[in-house]
Amino acid sequence: MFEGKVETAEKNILFYKWSNYINSSVLIWTILTLYYLWRGLSYFDIALVQSVGAIATAVLEIPTGWISDRHGHHIVLKIASFSRLAAIVTLTFANSFLLMVASELFFSLASASQSGAGSAFLFEATSANSGMDRKNGAYALILSKMTGTQSIIRITVRLIAPVLFSINPLIPFVISIFIYFLGLLVTLEFKENDVSPNRRDNCLPEEDVFIRTRTSKLDLKESVQTFFQELIKIVKTNTFISLCIVSAISLILVSNYSQFIAPNLTSMGFDIKFLGIVTAAASLGEFFGSRLTAKIVKTLKNSYKKSAGDIIAFSGNVEFLVILAILSVIAILMLCAGLIPSIYVCIFTYVAINLFSTTLSILINNQMNLIAEENNRATLLSVSNQIEEIASVVSDPLIGIALDFSGFGTTYVGLGCITLVVIALIFTIHYRKYR
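First residue of the sequence shown? That's 775 in the working numbering, and the numbers climb one at a time after it.
Here you go:
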């Protein structure tokens, strides 16, 4: 029986890896803005489409996470694959603004479904495959290797996509349809991982339809209340809040710096035809970031400590201190990029922050899974992603205004300083708690 559980877990890990590798081969993301412009959208229209998508993702995060925890992560991941395929088909043949919005909504459903369920699905599979030893770092190691491979794939994609787009703008999109269809076929092979009694009790029985219907009517309200009470207990902890803050700040810094790398470089006289090489170098940075994560996890895999109030003793947890240190490095790099207006410094910062943000993302993801319980893991991860989406929706326009009025240098110096202050506050709070 145990061998059967391990075999299912191993297959799930294998299929999950290949699903992500296939989806990383999609060609549209490098040239999506150019495609919108080719379809006749203005920059305002593009921003409006993306804002609708961000809001929709934030709204869908918790519902998809709850469905995932209650009915199975593998089911929600299949919904995500169907949504991606529907989105790319709609986008390819879209000839109006409303169809562009519809495509973005499909992508939002896919993103919200994947964010919580994907991480929870892989974590449960690796836990079952490693004998439920949560301290051995198996999940973080697999995630780091998978991220490294995806980075190598993205290097090729970022070099090929602009060339294909220049031949015919529809070529990358038609190819991407077939890629997402292949990813869907792999996702359909996902099976439910072996779950604990707590997680199993969270699902409705399947043996008797009449009994199940009566039970669901009588117990659904109590089940939902209990579920969210347990979830709120975790969300209220300093552990969860601090991880969410660190993750949101990292996302804001890296996404905004990456988004405006082209105009920043051209303002300093950079030849834009070499931008593909720069973005490929950033993907190479992501690859080395995943390798760095593997070394950190192997070094610190026995450093997890317990405390009376939390699953992880936060200031005593070396991995959390590493997370704060990495975010500090990203903030300092942003600060230097703002103070030194140089093409070489700008490119170095771009590659370096992608490297360190990859490591940071994997470590935070690992910590989130460790503090979550099996019956609310996907929902907790969805809450975290929802916080990131809301933070992005609020901060991105403010950063845009700062760039318009103050320029790249002053804006990046300000972001770096604010981040360092927040890091100091987080460290002080947890130092007092565990002193």
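Cβ coordinates follow ideal geometry from the N, Cα and C atoms, glycine included.
In this text the structure is predicted, and so the values were computed from the model without any measurement.
Helix, strand or coil: which one does DSSP assign to F1034? Three-state DSSP puts F1034 in coil, outside helix and strand.
Determine the direct distance from the alpha carbon of V931 to that of S950, and round the result to whole angstroms. Between S950 and V931, the alpha-carbon positions lie close to 11 Å from each other.
Classify I948 as buried or exposed, calling it buried when 16 or more other Cβ atoms lie within 10 Å of its own Cβ. Reading off the sequence shown, one finds Val at residue 948, where the question assumed Ile. By the 10 Å Cβ count, V948 comes out exposed.
At least 3 beta-carbon pairs within less than 8 Å: the region 1107-1124 vs the region 1175-1186: Touching, yes, given that three or more Cβ pairs across the two stretches are closer than 8 Å.
Pair within 8 Å by beta-carbon distance, L879 and A830: Their beta carbons are under 8 Å apart, which means L879 touches A830 by this criterion.
Have a look at M874, L962, Y913, F964 and flag the residue whose alpha-carbon is nearest the alpha-carbon of T1067. The shortest C-alpha separation from T1067 is found at Y913.
Cβ neighbours of E1060 in the same chain (closer than 6 Å, five flanking residues each side left out): Counting only residues of its own chain and dropping the five nearest sequence neighbours on each side, E1060 has a CB closer than 6 Å to the CB of S925, N1128, T1132.
Are there three or more Cβ pairs, one per stretch, closer than 8 Å when the region 888-895 is compared with the region 838-858? Yes, they touch.
Same chain, Cβ closer than 8 Å to I1173, neighbours up to 5 away in sequence not counted: I1026, N1030, T1185, L1189, listed in sequence order.
Please determine if the region 805-815 and the region 934-943 are in contact, where contact requires at least 3 C-beta pairs separated by less than 8 Å. Segment contact: the region 805-815 against the region 934-943, three or more CB-CB distances shorter than 8 Å; contact assigned.
Please classify Y809 as buried or exposed, where buried requires at least 16 other C-beta atoms within 10 Å of its C-beta. Y809 is classed as buried because its beta carbon has at least 16 other beta carbons within 10 Å across all chains shown.
In chain order, what residues of the same chain have a beta carbon less than 8 Å from the beta carbon of S857, not counting five sequence neighbours either side? Annotation for S857: F880, F881, L883, A884, S887 place their beta carbon closer than 8 Å to its own, counting only its chain and skipping 5 residues before and after.
Is it right to say Y1118 is buried, meaning 16 or more other beta carbons lie within 10 angstroms of its own, or is it exposed? With fewer than 16 other Cβ atoms from the protein chains shown falling within 10 Å of its own Cβ, Y1118 counts as exposed.
Residues near A828 by beta carbon distance below 7 Å, same chain, minus five either side: Cβ neighbours of A828 beyond the five flanking positions: E1163, S1166, V1167.
State the Cα-Cα distance for the pair L1095 and S1041, rounded to the nearest angstrom. L1095 and S1041 have their C-alpha atoms some 37 Å from each other.
Ordered along the chain, which non-local residues of its own chain (more than five positions away) have a Cβ less than 7 Å from that of L1194? Once the five neighbours on either side are set aside, the close Cβ partners of L1194 are S1102, A1105.
In angstroms with no decimal places, state the Cα-to-Cα distance between A891 and D843. So the two alpha carbons sit approximately 8 Å from each other.
With C-beta atoms as the reference, is L815 less than 8 Å away from I934? Taking 8 Å as the cut-off, the beta carbon of L815 is found no closer than this to the beta carbon of I934.
Can you round the beta-carbon distance between L1134 and I1097 to whole angstroms, since I take them to be within the 8 Å contact cut? Contact flag correct, Cβ pair sits at about 6 Å.
Beta-carbon separation (whole angstroms), T961 vs K785, contact threshold 8 Å: Actually they do not touch by this definition, with Cβ atoms about 13 Å apart.
Which residue wins for smallest C-alpha separation from I836, given the options S1156, L1177, D1170, D1178? Of the listed residues, the one whose Cα sits closest to I836 is S1156.
Decide if E781 is buried, meaning its Cβ has at least 16 other Cβ atoms within 10 Å, or exposed. It counts as exposed.
Does any heavy atom of the ligand NAP sit closer than 7 Å to the C-beta of L956? Absence of the ligand NAP from the depicted structure is noted, as is the absence of any ligand whatsoever, leaving it without description.
Under 7 Å Cβ to Cβ from I927, same chain only, skipping five residues before and after it: list those, please. In chain order, Y795, S798, S799 place their CB closer than 7 Å to the CB of I927, counting only its own chain and leaving out the 5 sequence neighbours on each side.
Using 10 angstroms around the beta-carbon of A1099, count the other beta-carbons present and answer buried if the total reaches 16, otherwise exposed. Exposed is the call here.
Which residue from I1175, Y790, T1013 puts its Cα closest to that of L738? Residue 738 falls outside the range modelled here, since the chain spans only 775 to 1209, and no answer is possible.
Would S918 and V1071 be called neighbours here (beta carbons separated by less than 8 Å)? At the C-beta level, S918 and V1071 come within 8 Å of one another.
Is the separation between the beta-carbon of S1021 and that of S901 shorter than 8 Å? Between S1021 and S901, the CB-CB gap reaches or exceeds 8 Å.
Name the residue from D1170, L872, I1136 whose alpha carbon lies nearest to the alpha carbon of M920. Ranking D1170, L872, I1136 by Cα distance to M920 puts I1136 first.
Could you tell me the boundaries of the alpha helix (DSSP H) in which M1142 lies? First-last of the alpha helix (DSSP H) with M1142: 1117-1145.
Contacting residues, own chain, Cβ-Cβ under 7 Å from C1018 (five flanking each side not counted): Once the five neighbours on either side are set aside, the close Cβ partners of C1018 are S1158, I1161.
Assigned secondary structure, L1172 (DSSP; H/G/I helix, E/B strand, else coil): Looking at L1172 - three-state DSSP - the assignment turns out to be helix.
Output the distance between the C-alpha atoms of F1122 and F1034, rounded to the nearest integer angstrom. For F1122 and F1034, the distance between alpha carbons rounds to 15 Å.
Considering only the beta carbon of each residue, do L873 and T864 sit closer than 8 Å? Contact: yes.
If I measure Cβ to Cβ from S889 and keep anything under 7 Å in the same chain, skipping five residues before and after, which residues do I get? So the qualifying residues of the chain are E835, L1155, S1156, N1159.
Quick one: which unbroken alpha helix (DSSP H) runs of 4-plus residues sit fully inside the region 878-949? Chain order, please. Counting whole runs of 4 or more residues, the region 878-949 contains the alpha helix (DSSP H) stretches 912-941.
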